[in-house]
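Throughout the first sequence, residue numbering follows the working numbering, covering 86 to 565 in sequence.
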Amino acid sequence: MSTQQEGKFQAIISHAKEYGFVFSSSEIYDGLSAVYDYGPYGSELKKNIRDYWWKAMTQLNENIVGIDAAIFMHPTTWKASGHVDSFSDPMIDNKDSKKRYRVDHLIEAKAAELAEAGDQAAADALIADMDRLLAADDYKGLRQLLDDQKIVCSISKTANWTDIRQFNLMFDTQLGSVTEEANTIYLRPETAQGIFVNFLNVQKTARMKIPFGIAQTGKAFRNEIVARQFIFRMREFEQMEMQFFVRPGTELEWYEKWKQTRLEWHLSMGTPKEKLRFHDHVKLAHYANAAVDIEFEFPFGFKELEGIHSRTDYDLSRHQEFSGKKLTYFDTEINKHYVPYVVETSIGLDRMFLAVLSNSYEEETITKEDGSTDQRVVLHIAPKIAPVKLAIFPLTKKDGLPELAHEIYKKCAEQFRCFYEVKDAIGKRYRRQDAIGTPFCVTVDHQSLEDQTVTIRHRDSMEQQRIKIADLISTVQAAL
RNA sequence: GCGGAAGUAGCUCAAUUGGUAGAGCGAUAGCCUUCCAAGCUAUAGGUUGCGGGUUCGACCCUCGUCUUCCGCUCCA
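Below you can see the structure in the form of structure tokens.
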């Protein structure tokens, strides 16, 4: 990150706090690392982004329906999904080099070394030992294995290791009010599994025919090792996911289609093309046969904003296996039963929020009529997702202007989010709205009392025009 | 978890070799009535991150602790 970009990122974070978008969690207690709260304008913006996504997915696609699954799920869900085994890796630190390693990586490296030296039998035996110990969660045994094999840190060349500790991706908690009877359950690390386990419920009750999709937004929780970069990487975050079920063999066509469809969605939100790019996954996850990220150029570089994965029939097959319930679909067109393949689109709502904020934030230098310059901070948020659509100001506090202005406010507030303010000079009020991204401000002046017109001021151009009060709502709505 | 840096009002900062905290902006109320943040008046707001120690006396020195930021480590 360059110093300039870093400065911009810091400015965005400060701005987010100062104007009620994002606060750090429990701030009066010095905050909680990697957890954030959304303030009055932040919650509004976040909701608008979520609604826009939801509408694009469910309302505008007749073959996509929504669900709202619980955060708690049966523990076996996470065994089936692979989260329990794949993401509870034993870790170890070297005390001299201060480097941290995954124990299995260290042992695998040693095995590779042995194999290269020609001792394939020893390598195989080592891997077998490791797998047995990993399966038994035998950390003492693993530690012993490191010692026996004289495995050293590649940097310090010493075997001065800490104890083995486990890194858990998932948060757990107790289900059941009596401790002794309680069962460990997890806070979901992704919303997708709530869709998979409900596949048949949804397909049958909504009478869906393949190809069809199930959309869901909701919180997910991950114990990230490094949780930084503001709301980019949080322990508690919100996902917007859609799982699209297709006939086996057609998944890559749908994958391409959704890749394009999702990119178009981003462009329709006003994100500039040059700030978006596809990044193909070279190394695919265990469940995928194609995967791509849509990356956005944040102030700290191009980073993943959304993932589109062709997940094959991995998830449904695994749930079928673990639950013992058939999760097949009868395709009347080809007269066959099969486990559908899945194409997933998964976007982080908080990341999208940060993308909107980063993209719209501008410190603008404006030249006034007398030639002097001035600074303003403006959020160029697309009107359809802006927290406040319209601000209404009486030019002065007297002569009945506040009364008329407030009357207009009450009328407009029935249609969209509005803001009314009397205090301070008119320019100051305009600037405050610029800072929260309000696309339109109208000012009620003395002429308004005469001819029922107001001036409407546009955020980005700062230009004003006089329009009839009667046309106000439709003028604003045309931009939403 | 390790290393480095920093914590004073909502924000940005100040407080002369240690002498019990100030300013600007912001906020609130009022005046002014003005179409792009800059007029006037008043008010509120801080156990100086927290805890111990040294001292007659600590924002300042010292120890511990917490938090944040930067780098490293891990990451479907």
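Every residue gets a Cβ at the ideal spot worked out from N, C-alpha and C, and that includes glycine.
Since the model is a prediction, treat every value here as computed from it, not as a measurement.
Length of the line joining the Cα atoms of residue i and residue j
| i | j | result |
| --- | --- | --- |
| PRO479 | ILE466 | 25 Å |
| GLN234 | GLU193 | 12 Å |
| ILE113 | ALA96 | 22 Å |
| ILE552 | GLU448 | 29 Å |
| PHE381 | ASN420 | 43 Å |
| HIS531 | SER546 | 24 Å |
| LEU401 | PHE383 | 35 Å |
| TRP350 | PHE322 | 21 Å |
| GLU406 | VAL427 | 17 Å |
| PHE504 | HIS491 | 10 Å |
| HIS366 | ILE477 | 49 Å |
| ALA555 | ARG542 | 16 Å |
| GLU418 | ASN146 | 21 Å |
Cβ-based burial, residue i [other Cβ within 10 Å; buried from 16]
| i | result |
| --- | --- |
| MET86 | Its pLDDT being 47, under 50, MET86 is placed unreliably by the model, and the measurement read from it follows with that caveat. Exposed, by the Cβ-count rule. |
| GLN537 | exposed |
| HIS422 | exposed |
| GLN345 | exposed |
| THR481 | exposed |
| LYS304 | exposed |
| ALA376 | buried |
| THR512 | Before going further, note that residue 512 is Gly rather than Thr in the sequence given. With fewer than 16 other Cβ atoms within 10 Å, it is exposed. |
| THR258 | exposed |
| ILE493 | buried |
| ALA208 | buried |
| SER533 | buried |
| LEU390 | buried |
| PRO125 | exposed |
| PHE106 | buried |
| HIS190 | exposed |
| GLU535 | exposed |
| ASP153 | exposed |
| VAL302 | Strictly speaking, residue 302 in this sequence is Thr, with Val absent from that position. Label assigned to THR302: buried. |
| THR523 | buried |
Best match in the options for proximity to residue i [C-alpha to C-alpha]
| i | options | result |
| --- | --- | --- |
| TRP339 | GLU380, SER395, ASP365, GLU326 | SER395 |
| PRO160 | GLY298, LEU361, VAL377, SER408 | SER408 |
| SER44 | THR452, GLY124, PRO357 | In the structure as shown, the chain starts at 86 and stops at 565, and residue 44 therefore has no counterpart that could be examined. |
| VAL462 | MET215, GLN518, ALA471 | GLN518 |
| LEU352 | TYR372, ILE98, ALA213, MET437 | MET437 |
| SER128 | PHE108, PHE383, THR560 | PHE108 |
| ASP232 | GLN205, LEU260, LYS195 | LYS195 |
| ALA165 | GLN278, ASP509, GLN549 | GLN278 |
| GLY261 | SER431, PHE157, TYR414, ILE554 | PHE157 |
| GLU429 | GLN144, ASP216, HIS168, PRO296 | PRO296 |
| ARG362 | LEU369, ASN374, GLY392, TYR414 | GLY392 |
| LYS360 | ALA440, ARG273, GLN562, ALA471 | ALA440 |
| VAL237 | VAL188, GLY226, TYR414, THR452 | VAL188 |
| SER111 | TYR104, LYS102, ASP122, ALA101 | ASP122 |
| HIS371 | ALA154, ASP398, GLY151 | ASP398 |
| PRO487 | GLY226, ILE299, VAL529, GLN301 | VAL529 |
| ASP416 | ASP378, ARG292, ASN308 | ARG292 |
| ARG347 | ASP459, ILE432, LYS289, PHE306 | ILE432 |
- [ ] For the stretch 331 to 340 and the stretch 114 to 124, state whether three or more C-beta atom pairs, one from each stretch, are separated by less than 8 Å.
- [x] no
Open item on the list: So within the stretch 155 to 225, which uninterrupted alpha helix (DSSP H) runs reach at least 4 residues, ignoring any that extend past its ends?
Closed with: 161 to 166, 168 to 171, 188 to 201, 205 to 220
Open item on the list: Report the start-end ranges of each alpha helix (DSSP H) in the stretch 532 to 565 that is 4 residues or longer and not cut off at the edges.
Closed with: 557 to 563
- [ ] Would you check if there are 3 or more beta carbon pairs closer than 8 Å linking the stretch 130 to 143 to the stretch 281 to 292?
- [x] no
Task: Touching by the beta-carbon criterion (3+ pairs, under 8 Å), the stretch 202 to 216 and the stretch 314 to 330 - done: no
Open item on the list: Threshold first: 3 residues or longer. Then list the beta strand (DSSP E) segments lying entirely within the stretch 320 to 375, N to C.
Closed with: 321 to 331, 361 to 365
TODO: Just list the beta strand (DSSP E) runs in the stretch 491 to 529, keeping only unbroken ones of 3 residues or longer that don't cross its boundaries, in chain order.
DONE: 503 to 505, 525 to 529
Open item on the list: So within the stretch 407 to 476, which uninterrupted alpha helix (DSSP H) runs reach at least 4 residues, ignoring any that extend past its ends?
Closed with: 434 to 445
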